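Written below as structure tokens is the structure these notes are about.
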Amino acid sequence: MTAILSEPPKSTDRSISDSEGSRWIKCPQCMSMVYQPRFERASRVCPECDWHGRVAPGQRLAQLLDRGSVERLDFSIELVDPLGFVDTKAYPDRVRASRRTTGHREAVVCAAGAIQGAPAVVAVMNFDFLGGSLGSAVGELICRGARTALARHIPFVVVTASGGARMQEGALSLMQMAKTSRAFAELDAAGLLTVSVITDPTYGGVAASFATLSGVIVAEPAARLGFAGRRVIEQTIGQSLPEGFQTAEFLLSRGLIDGIVRRAELRDWLGGLLAVPTRAAVVPAGGDPDPTIRDPRLLGEIDAWQSVRTARHTDRPTALDYIERMVTDFRPLRGDRVSGDCPALIGGTGFLAGIPVMLLGNQKGHHTTEMVARNFGMAGPDGYRKAARLMRLADRLGIPVVTLIDTPGAYPGAAAEEGGQAGAIAECIRTMSTLSVPTVSVVCGEGGSGGALAIGVGNEVLMFRNSVYSVISPEGCAAILWKTPAEARRAARALGVDAATLLRHGIVDGVLPEPKAGNHTDLDGAADTLRAALIAALRRLETAPTEPATHRRERFEAFGANAVADHTAEEVRSR
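Numbering (the numbering used here), first residue to last: 5 to 579.
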């Protein structure tokens with residue numbers, strides 16, 4: 005086993021340019037000649053085509069961390085050559101060459117600091133150091149960075165760039181995948197936020213371990229991420245791959261990352277996200293009075309069918325309408341990390357009157373084009389898997405979950421069934437029922453069947469006066485029982501879909517007032533009512549004597565309990 009001699013760095017982070025003396029560089033994407041000082045001022049992003057060039061670790065840390073907050077974590081790592089590996093060069097010689105050209109001792113640099121005031125440990129990978137390959141030293145540095153974040157109880161951010169495993173270390177390189185994955189599991193168990201920023205390229209062992217295990221994954225535009233690279237796939241199995249394969253845009257469309265963030269916006273985006281777990285989820289005192297009506301007698305007579313028609317009005321406020329008016333610093337998080345990103349079910353973090361929350365909601369839209377794009381608010385399996393993923397993230401971070409329900413039901417198509425619709429809904433219900441954080445669900449429009457209940461297992465369940473909640477649509481019930489959908493009005497009344505009936509039965513805990521004609525006539529007023537009701541509900545749950553999971557269990561176990569009689573075995577046999 006040959007030691008690789010320690011050598012002091014002979015250079016610092018450098019820009020990539022065509023030549024040392026040139027003031028112009030050629031963009032490899034659009035082939036435009038770009039004035040290098042302009043390129044550097046733009047954080048190494050081409051002003052002509054938005055191509056994001058590589059950034060050395062020192063530059064990246066300066067871009068992300070607050071001035072004066074950077075604390076380099078110079079862990080003492082001594083790299084070894086376990087195999088005495090030689091290809092065209094000896095492994096120690098390759099390492100020495102990378103140290104000279106990059107000015108760094110390894111392919112990752114760790115630092116602690118703050119991003120817009122939010123503390124974090126940041127690990128930045130360097131593709132220019134042996135292709136950012138994952139070797140023993142890189143694995144150890146990532147783990148030490150994670151342990152520092154764990155000890156300080158602050159988020160861990162990794163900026164990835166790698167061609168894969170470091171072949172010169174053989175199976176020892178492979179073992180780093182397990183080692184780093186375990187480190188991220190410990191951060192999850194401690195309830196710490198982990199974030200991966202994917203830069204181009206990120207492949208192999210890094211992609212198949214810590215890069216894709218973070219609670220939140222974002223990528224720079226066009227950054228490539230995958231286990232096997234395009235060339236390997238094409239040469240190994242002869243498969244022709246589509247344009248843009250494995251790029252950030254490709255990954256986002258398939259639900260594998262949370263978002264794409266341009267480099268110029270990354271610091272602000274991360275700062276908003278990191279503020280969520282570092283700000284205590286304490287409900288402020290005072291504020292507007294609680295508008296929630298808890299006595300059904302105060303609601304008066306409600307025509308169930310008219311409520312159905314009002315709840316379906318195309319101008320009725322959507323989840324995004326409410327979020328835009330109620331929530332600050334909303335950060336949409338996308339994808340189920342398996343197959344897709346359902347546009348009918350949105351989610352993300354934000355602040356409600358300063359309270360960090362995870363928001364989930366059905367999104368319908370207002371006009372035909374938007375409603376078709378949103379699948380009329382009917383989520384598929386990827387939507388419910390995304391919701392469950394974000395609920396688990398909220399649980400780890402200790403922030404409340406708020407859900408806004410407005411759906412005719414889960415999508416009933418063949419593709420949804422093939423994707424495991426029933427199982428996805430069941431998992432979502434189970435996940436929400438066991439969360440340790442407070443949950444508040446509000447039926448803002450239609451609450452259709454299991455598709456609504458999947459995000460409706462709240463400690464408190466509220467609804468607007470003209471909203472509806474039902475096991476089946478009135479038209480569906482009428483078609484089955486009366487043999488004609490023309491009896492939908494009759495079915496709506498029989499099903500008890502209106503707010504007054506649901507409040508009497510305890511299905512909802514309270515009803516929010518709205519104009520007689522509906523919330524679409526006063527959107528701002530509706531948002532103010534909802535905001536006040538949510539804050540009041542969160543305040544009650546914050547001081548409740550029962551833990552949220554226990555409270556939720558007791559709430560839902562009570563439904564139908566008085567309709568079940570206990571009988572002895574002898575009584576049953578005698579019937």
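Quick reminder that beta carbons are idealized off the backbone N, C-alpha and C, glycines included. Model, not experiment: these values are computed from the prediction.
>> Give me, in chain order, the residues of the same chain whose beta-carbon lies closer than 6 angstroms to that of Asp345; leave out the 5 immediate sequence neighbours on both sides.
In response: Along the sequence shown, one-based indexing puts residue 345 at 341. Hits under 6 angstroms: Gly259, Arg338 and Gly339.
> Do you know offhand how far Pro360's Cα is from Asp325's?
Replying inline: One-based indexing of the sequence shown puts residue 360 at position 356. One-based indexing of the sequence shown puts residue 325 at position 321. Roughly 19 angstroms separates the two Cα atoms.
> Under three-state DSSP, which class holds Gly564?
Replying inline: Along the sequence shown, one-based indexing puts residue 564 at 560. The answer is coil: DSSP assigns Gly564 none of H, G, I, E or B.
> What does DSSP give as the partner residues of Glu75 in its beta bridges?
Replying inline: Mapped onto the sequence shown, residue 75 falls at position 71. DSSP, once it has assigned bridges, lists Ala116 as partnering Glu75.
> Relative to the C-alpha of Ser4, which residue among Pro552, Val287 and Gly529 is closest?
Replying inline: The shown model of the chain, from 5 to 579, leaves out residue 4, and the question about it has no answer.
> How is the beta strand (DSSP E) around Thr216 delimited, first residue to last?
Replying inline: Counted from its first residue, the sequence shown places residue 216 at position 212. From DSSP, Thr216 is part of no beta strand (DSSP E); its letter is neither H nor E.
> To the nearest angstrom, how far is it from the Cα of Val287 to the Cα of His555?
Replying inline: Your numbering for residue 287 matches position 283 in the sequence shown. Your numbering for residue 555 matches position 551 in the sequence shown. Roughly 19 angstroms separates the two Cα atoms.
> Taking buried to mean at least 16 other C-beta atoms within 10 Å of its own C-beta, is Phe563 buried or exposed?
Replying inline: Looking up residue 563 in the sequence shown gives position 559. Exposed, because fewer than 16 other Cβ atoms sit within 10 Å of the Cβ of Phe563.
> With burial defined as no fewer than 16 other Cβ atoms inside 10 Å of the residue's Cβ, what is the status of Lys520: buried or exposed?
Replying inline: Looking up residue 520 in the sequence shown gives position 516. So Lys520 counts as exposed.
>> Quick check for students: name the residue ranges of the beta strand (DSSP E) that lie wholly in the region 266-328, counting only runs of 3 or more.
In response: none
> Quick one: Cα of Ile81 to Cα of Lys183, how far?
Replying inline: On the sequence shown, residue 81 is found 77 positions in, with the first residue counted as 1. On the sequence shown, residue 183 is found 179 positions in, with the first residue counted as 1. The straight-line gap from Cα to Cα measures roughly 16 angstroms.
>> So for Asn523, helix, strand or coil by DSSP?
In response: The residue labelled residue 523 in the question sits at position 519 within the sequence shown. Helix, per DSSP.
> Which one of Ala418, Val406 and Gly455 has the shortest CA to CA distance from Leu439?
Replying inline: If you number the sequence shown from 1, residue 439 lands on position 435. Comparing Cα-Cα distances from Leu439 to each of Ala418, Val406 and Gly455, the minimum goes to Val406.
> Are the Cβ atoms of Gly291 and Ile539 separated by less than 9 angstroms?
Replying inline: Working through the sequence shown from its first residue, we reach residue 291 at position 287. Working through the sequence shown from its first residue, we reach residue 539 at position 535. Yes, Cβ-Cβ distance for Gly291 and Ile539 is below 9 angstroms.
> Quick one, are the C-beta atoms of Glu464 and Val444 less than 9 angstroms apart?
Replying inline: Numbered from its first residue, the sequence shown carries residue 464 at position 460. Numbered from its first residue, the sequence shown carries residue 444 at position 440. Taking 9 angstroms as the Cβ cut-off, Glu464 and Val444 qualify as a contacting pair.
> Relative to the alpha-carbon of Leu87, which residue among Gln172, Ala141 and Ser73 has its alpha-carbon at the smallest distance?
Replying inline: In the sequence shown, counting from the first residue as 1, residue 87 sits at position 83. Nearest of Gln172, Ala141 and Ser73 to Leu87, Cα basis: Gln172.
> Just curious, the alpha helix (DSSP H) that Ser244 is in, first and last residue?
Replying inline: Here residue 244 is taken as the residue at index 240 of the sequence shown, counted from 1. Premise fails: Ser244 is in no alpha helix (DSSP H) and is neither H nor E.
> Which residues in the same chain have their Cβ closer than 8 angstroms to the Cβ of Leu65, if we skip the five residues on either side of it in sequence?
Replying inline: The count along the sequence shown starts at 1 and reaches residue 65 at position 61. Val74, Val113, Ala115, Gly117, Val126 and Val128, listed in sequence order.
>> Please identify the residue among Phe160, Asp192 and Phe43 whose C-alpha is closest to the C-alpha of Arg396.
In response: Residue mapping note: residue 396 aligns to position 392 of the sequence shown, counting from 1. Nearest option by C-alpha distance: Asp192.
> Excluding the five sequence neighbours on either side, which residues of its own chain have a C-beta within less than 6 angstroms of the C-beta of Val59, listed in chain order?
Replying inline: Position 55 of the sequence shown holds residue 59. Arg48, listed in sequence order.
> How would you call Tyr207, buried or exposed, if buried means at least 16 neighbouring beta carbons within 10 angstroms?
Replying inline: Taking the sequence shown and counting its residues from 1, the one referred to as residue 207 is at position 203. So Tyr207 ends up on the buried side.
> Do you know offhand how far Arg389's Cα is from Ser471's?
Replying inline: For this step, residue 389 is matched to residue 385 along the sequence shown. For this step, residue 471 is matched to residue 467 along the sequence shown. Rounded to whole angstroms, Arg389 to Ser471 spans 26 angstroms at the Cα level.
>> Between which two residues does the beta strand (DSSP E) holding Ser177 run?
In response: Stepping through the sequence shown from its first residue, residue 177 is reached at position 173. From DSSP, Ser177 is part of no beta strand (DSSP E) but of the alpha helix (DSSP H) over Ala175 to Ala193.
> Would you call Cys34 buried or exposed, if buried means 16 or more other Cβ atoms sit within 10 Å of its Cβ?
Replying inline: The count along the sequence shown starts at 1 and reaches residue 34 at position 30. Exposed.
>> With the cut-off set at 9 angstroms, would you say Trp273 and Val280 are in Cβ contact?
In response: The residue you call residue 273 lines up with position 269 of the sequence shown. The residue you call residue 280 lines up with position 276 of the sequence shown. The answer is no: Cβ separation not under 9 angstroms.
>> Please identify the residue among Ile484, Asp532 and Arg469 whose C-alpha is closest to the C-alpha of Arg301.
In response: The residue labelled residue 301 in the question sits at position 297 within the sequence shown. Out of Ile484, Asp532 and Arg469, Arg469 has the C-alpha closest to the C-alpha of Arg301.
> Would a C-beta distance cut-off of 9 angstroms place Gly136 and Gly167 closer than the cut-off?
Replying inline: Numbered from 1 along the sequence shown, position 132 holds the residue referred to as residue 136. Numbered from 1 along the sequence shown, position 163 holds the residue referred to as residue 167. In contact: Gly136 and Gly167 (Cβ atoms closer than 9 angstroms).
> Where Gln239 and Tyr95 are concerned, what is the direct C-alpha to C-alpha distance, given to the nearest angstrom?
Replying inline: As a working mapping, residue 239 is identified with position 235 in the sequence shown. As a working mapping, residue 95 is identified with position 91 in the sequence shown. Approximately 27 angstroms, taken between the alpha carbons.
> Can the beta-carbon of Leu178 be found less than 9 angstroms from the beta-carbon of Gly209?
Replying inline: Locating residue 178 in the sequence shown gives position 174, counting from the first residue. Locating residue 209 in the sequence shown gives position 205, counting from the first residue. Taking 9 angstroms as the Cβ cut-off, Leu178 and Gly209 qualify as a contacting pair.
>> From the DSSP secondary-structure annotation, give me the bridge partner or partners of Asp410.
In response: Here residue 410 is taken as the residue at index 406 of the sequence shown, counted from 1. For Asp410, which the question treats as bridged, DSSP gives no partner whatsoever.
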